[in-house]
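These notes concern the structure reproduced below.
Number of protein chains: 2
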Amino acid sequence: MSEIRKDPLSNDWVIIASERGGRPTDLKTETTKEEKGKFCPFCDSSEVSEPVKPHSICAATFAPDGKWMTRILPNKYPALMPEPILAQREMDDLYHCLTGVGGHEILVDSPKHDETLATMSKEQIEAIITNYQCRYSYWRKDPRITYLSVFKNHGKVAGASLHHPHSQLVATPLIPPRLTTELNESKEYFKLNNECLMCKILKTELENKHRLIFENNSVAAFCSFAPRFPFESLIVPKRHSASLEEITKEEISDLAEAMSVIFKKLDKLLNDPPFNYLIHVAPLRTPGLLYYHWHIEVILRLSQPAGFEWGSGVYINSVPPEDAALELNKVKIR
Amino acid sequence: MSEIRKDPLSNDWVIIASERGGRPTDLKTETTKEEKGKFCPFCDSSEVSEPVKPHSICAATFAPDGKWMTRILPNKYPALMPEPILAQREMDDLYHCLTGVGGHEILVDSPKHDETLATMSKEQIEAIITNYQCRYSYWRKDPRITYLSVFKNHGKVAGASLHHPHSQLVATPLIPPRLTTELNESKEYFKLNNECLMCKILKTELENKHRLIFENNSVAAFCSFAPRFPFESLIVPKRHSASLEEITKEEISDLAEAMSVIFKKLDKLLNDPPFNYLIHVAPLRTPGLLYYHWHIEVILRLSQPAGFEWGSGVYINSVPPEDAALELNKVKIR
Numbered sequence: 002m003s004e005i006r007k008d009p010l011s012n013d014w015v016i017i018a019s020e021r022g023g024r025p026t027d028l029k030t031e032t033t034k035e036e037k038g039k040f041c042p043f044c045d046s047s048e049v050s051e052p053v054k055p056h057s058i059c060a061a062t063f064a065p066d067g068k069w070m071t072r073i074l075p076n077k078y079p080a081l082m083p084e085p086i087l088a089q090r091e092m093d094d095l096y097h098c099l100t101g102v103g104g105h106e107i108l109v110d111s112p113k114h115d116e117t118l119a120t121m122s123k124e125q126i127e128a129i130i131t132n133y134q135c136r137y138s139y140w141r142k143d144p145r146i147t148y149l150s151v152f153k154n155h156g157k158v159a160g161a162s163l164h165h166p167h168s169q170l171v172a173t174p175l176i177p178p179r180l181t182t183e184l185n186e187s188k189e190y191f192k193l194n195n196e197c198l199m200c201k202i203l204k205t206e207l208e209n210k211h212r213l214i215f216e217n218n219s220v221a222a223f224c225s226f227a228p229r230f231p232f233e234s235l236i237v238p239k240r241h242s243a244s245l246e247e248i249t250k251e252e253i254s255d256l257a258e259a260m261s262v263i264f265k266k267l268d269k270l271l272n273d274p275p276f277n278y279l280i281h282v283a284p285l286r287t288p289g290l291l292y293y294h295w296h297i298e299v300i301l302r303l304s305q306p307a308g309f310e311w312g313s314g315v316y317i318n319s320v321p322p323e324d325a326a327l328e329l330n331k332v333k334i335r
Numbered sequence: 002m003s004e005i006r007k008d009p010l011s012n013d014w015v016i017i018a019s020e021r022g023g024r025p026t027d028l029k030t031e032t033t034k035e036e037k038g039k040f041c042p043f044c045d046s047s048e049v050s051e052p053v054k055p056h057s058i059c060a061a062t063f064a065p066d067g068k069w070m071t072r073i074l075p076n077k078y079p080a081l082m083p084e085p086i087l088a089q090r091e092m093d094d095l096y097h098c099l100t101g102v103g104g105h106e107i108l109v110d111s112p113k114h115d116e117t118l119a120t121m122s123k124e125q126i127e128a129i130i131t132n133y134q135c136r137y138s139y140w141r142k143d144p145r146i147t148y149l150s151v152f153k154n155h156g157k158v159a160g161a162s163l164h165h166p167h168s169q170l171v172a173t174p175l176i177p178p179r180l181t182t183e184l185n186e187s188k189e190y191f192k193l194n195n196e197c198l199m200c201k202i203l204k205t206e207l208e209n210k211h212r213l214i215f216e217n218n219s220v221a222a223f224c225s226f227a228p229r230f231p232f233e234s235l236i237v238p239k240r241h242s243a244s245l246e247e248i249t250k251e252e253i254s255d256l257a258e259a260m261s262v263i264f265k266k267l268d269k270l271l272n273d274p275p276f277n278y279l280i281h282v283a284p285l286r287t288p289g290l291l292y293y294h295w296h297i298e299v300i301l302r303l304s305q306p307a308g309f310e311w312g313s314g315v316y317i318n319s320v321p322p323e324d325a326a327l328e329l330n331k332v333k334i335r
């Protein structure tokens, strides 16, 4: 018998139909390997072959030996561009439209072309997180920008057109709808319960352990109660905080450990599966929000949403999150 | 310069970033052709090889010679099943859950294995629409069901696991979130303007013709103002009506003509592209709704939503709908 579940934060409705699939690990994985010999614009050498403009490139984090660990590049095909004009809402009585002002950056996550989160050192993942933190601080200064979406696409199926490990950032003059829903739900829950919704979710998941997949001093991770995708998970800081920007050094170290362990396990269990993650934070203009709790949403791209999902907004998932957590917890690494 | 557009009905926010893509027809199309020699459970012969139970199979529409034109099969891997119990909302203070009662049917759209909407006769498409109409009437009788999603996946990339032309139906005990948004927006617009929102959209599109791609006596079609996907279009009946169930014989004929022309043009322009369509109607328990106007949403699966889209709910589309309409209107068929 299937179950229809509702996510308390995103309001997503999901049909958990385990009869449709086999075992959670039977899911087909398309390879994330690339053809050999392709030119990589993110590799170190390209820095030398192209003229380097000061505004177009910066090495954000360095290793003790002075070499770059992560760096930032403008996106060659940007969805939005930082033109020096204010975003203006053009309205008629029917159709609404904003000028597409904003930003779209590539965050190169390592100098090594073939590294993945599953093979990187913990120090490298710390550098990635520190780089993210810098970008929030940087974009906060632009008064036209209200939200920063920092995300990673891994594997072709997940939308990564280049193999070299990288994340992306889209700065928008609007708060994205999924965030608006999360903010509304969190605000409503706080009003009724005088408690942060994510703090409550975290407490529940740490207590019942049905879906828990990782815990250390300052970070916990669990498969979502109502996952749109198989193995969909949340990585959540234990300390209530509205944005990744407020993360401490110790928390960066703990988060890097969490990410390292989770992506090593996914890699081993599902053979380097394609995935996306997106960092959910409070809007840039509302720092220190009491009712919002930042987190990282991880989705594996092992299933193909089709007409039903795109048209209805309801998702069919053949892997119950409790089974996904069980499988992940069985994996031994190192 | 990009544009950020908001859809008045679905509330979707879309970034139209034409700088990211080339010409609209440059989009990569994965082939929808299948390997030869595979067994097809939807072909006529399988009807003979398997015992036919009266409740599991019915030929819904017949040709004048008595042969079936469309028929209905239960889904072998159903997302929801019509167990004889009432859907019950299980609640705790955090997580909500419904028993997965409902229905999931396969609507076989033709006896011919290799037909597509682009190659079918108009009579065959009329039979498909008549079959849809019958299923609305059938499921309306089940008091546990509040919504019927009728949709079609064409091509592997679009989620079709079998090649034989077919549609699907998912009957749910809940109103899907995308429909809830459409209902809310339509109701709000009606309250303020004493006019149906879709009637207003239709009038605007027929007047300015920027995105119009088809018109006959009772049906019009246009590319959406804020499309999540390249070439996303709406097929809309001109007469205000809340559900496809209320369609007349003449309107079925006109709708079949619209679908035939549109899918022939898409086929010719983009080489049999993978697509989904979903029929949006009012919920089953609210017949004759004054403020909701049924329609068919068509999306082409030529682009891959990635981390940004899944996490934020904002879509990046490299093809402005005005350009897509221009390309479609250039295509000559027959």
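From first to last, the protein sequence lines are chains A and B. Just so we're aligned, residue 2 is where the first sequence starts under our numbering, counting upward by one. Just so we're aligned, residue 2 is where the second sequence starts under our numbering, counting upward by one. Beta carbons: idealized from backbone N, C-alpha and C, even for Gly. Note that the structure is a prediction, hence the values are computed from the model and not measured.
Would you please verify whether the beta carbon of L235/A is less than 7 Å from any beta carbon of chain B?
-> No, because no Cβ of chain B sits closer than 7 Å to the Cβ of L235/A.
In chain B, which residues lie less than 8 Å from K113/A when you measure between Cβ atoms?
-> Per Cβ cutoff of 8 Å: no residues; K113/A is ~21 Å from chain B at best.
Checking contacts by CB at 7 Å: is H1/A closer than that to chain B?
-> There is no way to answer for residue 1/A, as the model of chain A reaches only from 2 to 335.
Listed from N- to C-terminal order along the chain, which residues in the region 235 to 249 of chain B have their beta-carbon within a distance smaller than 9 Å of any beta-carbon of chain A?
-> Correct list: empty, as no residue qualifies.
Hey, out of K77/B, V315/B and A307/B, whose CA is closest to A161/A's CA?
-> The shortest CA-to-CA distance from A161/A to any of K77/B, V315/B and A307/B is the one to A307/B.
Three-state secondary structure (DSSP) at I5/B?
-> DSSP places I5/B in the strand class (E or B) of the three-state scheme.
Leaving aside the five residues before and after P284/B along the sequence, list all residues of the same chain whose C-beta is less than 6 Å from its C-beta, in chain order.
-> The beta carbon of P284/B lies closer than 6 Å to those of T147, Y148 and I176 in the same chain, with the five residues before and after it left out.
Hey, A18/B and A80/A are a contact pair by Cβ (cut 8 Å); roughly how many whole angstroms apart?
-> Indeed they touch by this definition, with Cβ atoms about 4 Å apart.
Can you name the residues of chain A whose CB is closer than 9 Å to the CB of W14/B?
-> Going along chain A in sequence order, the residues near W14/B (Cβ under 9 Å) are L99, T173, L175, P177 and P178.
Sort I280/A, K266/A and L279/A by Cα distance to E328/A and report the nearest one.
-> Comparing Cα-Cα distances from E328/A to each of I280/A, K266/A and L279/A, the minimum goes to K266/A.
Given that F152/B touches chain A, what residues does it touch there, using C-beta distances under 9 Å?
-> For a Cβ distance threshold of 9 Å, residue set A307, G308, F309, W311, G312 and S313 of chain A lies close to F152/B, ordered along the chain.
Positions along the region 199 to 224 of chain B whose CB lies within less than 8 Å of some CB in chain A = Taking 8 Å as the Cβ-Cβ cut-off against chain A, the residues of the region 199 to 224 of chain B that qualify are K201, I202 and T205.
Of all Cβ atoms in chain B, is any one closer than 7 Å to the Cβ of R141/A?
-> For R141/A, the answer is no, since every Cβ of chain B falls outside 7 Å of its Cβ.
What three-state label does DSSP hand K39/A in the structure shown?
-> Residue state for K39/A is assigned as coil, using DSSP reduced to three classes.
Rounded C-beta distance between P170/A and E106/A? I'm assuming under 8 Å.
-> The residue asked about is misnamed: residue 170/A is Leu in this sequence, not Pro. About 5 Å separates the two Cβ atoms, so the contact holds.
Would the region 125 to 140 of chain A and the region 271 to 286 of chain B be scored as touching if the rule is three or more Cβ pairs under 8 Å?
-> Contact annotation: the region 125 to 140 of chain A does not touch the region 271 to 286 of chain B, with fewer than three C-beta pairs closer than 8 Å.
Could you tell me which uninterrupted alpha helix (DSSP H) segments, each at least 4 residues in length, are contained entirely in the region 239 to 273 of chain B, listed from first to last along the chain?
-> Counting whole runs of 4 or more residues, the region 239 to 273 of chain B contains the alpha helix (DSSP H) stretches 250 to 271.
Return the Cβ separation of F309/B and S319/A in integer angstroms, given the expectation that the two are a contact with Cβ distance under 8 Å.
-> About 25 Å separates the two Cβ atoms, so there is no contact after all.
Taking the alpha carbon of E208/B as the point to measure from, which residue in C197/B, F223/B and N195/B has its own alpha carbon closest?
-> Measuring from the Cα of E208/B, the nearest candidate turns out to be F223/B.
Since N277/B meets chain A, which of its residues come closer than 8 Å, beta carbon to beta carbon?
-> Ordered by position in chain A, the residues that pass the 8 Å Cβ test against N277/B are A307, G308, W311 and G312.
I300/B versus chain A: which residues are under 9 Å apart at the beta carbon?
-> Residues of chain A passing the Cβ test: G308, W311 and G312.
From A221/A to M121/A, what distance separates their C-alpha atoms?
-> Straight-line Cα distance between these residues: approximately 20 Å.
Can you give the Cα-Cα distance for N185/A and A259/A, rounded to whole angstroms?
-> If you take the alpha carbons of N185/A and A259/A, they lie about 28 Å apart.
For V53/B, does the three-state DSSP call read helix, strand or coil?
-> Here the model assigns V53/B a pLDDT of 37, short of 50, so the residue's position is not dependable, and the following value carries that caveat. It is coil, neither helix nor strand.
Closer than 7 Å, CB to CB, is Y96/B near chain A or not?
-> So, interface residue.
What do you reckon, are the CB atoms on I73/A and I253/A nearer than 7 Å?
-> When the beta-carbon positions are compared, I73/A and I253/A stay at least 7 Å from each other.
Separation of P112/B from F43/B, as counted between CA atoms | The straight-line gap from Cα to Cα measures roughly 8 Å.
Distance, Cα to Cα, K123/B vs S261/B?
-> Straight-line Cα distance between these residues: approximately 7 Å.
Partner residues on chain A for E189/B, Cβ-Cβ distance less than 9 Å | The CB of E189/B never comes closer than 9 Å to any CB in chain A; the least such distance is about 13 Å.
If we ignore side chains and look at the alpha-carbon of each, how far apart do N272/A and D143/B end up?
-> When rounded, the separation of the alpha-carbon atoms in N272/A and D143/B is 44 Å.
Separation of W295/B from F232/B, as counted between CA atoms = Going by the C-alpha atoms only, they are around 20 Å apart.
Per DSSP, what kind of secondary structure is A159/A in: helix, strand or coil?
-> Here A159/A sits in helix by DSSP.
Measuring CA to CA, which of Y78/A, K77/A, D110/A and G38/A is closest to W69/A?
-> Closest by alpha carbon: D110/A.
To the nearest whole angstrom, what separates the beta carbons of L108/A and T71/A, a pair I think is in contact under 8 Å?
-> Between T71/A and L108/A the Cβ distance is about 6 Å, and since that is below 8 Å, they are a contact.
Could you tell me which chain A residues have their CB closer than 7 Å to the CB of P9/B, listed as they occur along the chain?
-> At a beta-carbon threshold of 7 Å, the residues of chain A lying near P9/B are L95 and Y96, ordered along the chain.
Closer than 7 Å, CB to CB, is R6/B near chain A or not?
-> It does; some Cβ of chain A falls within 7 Å.
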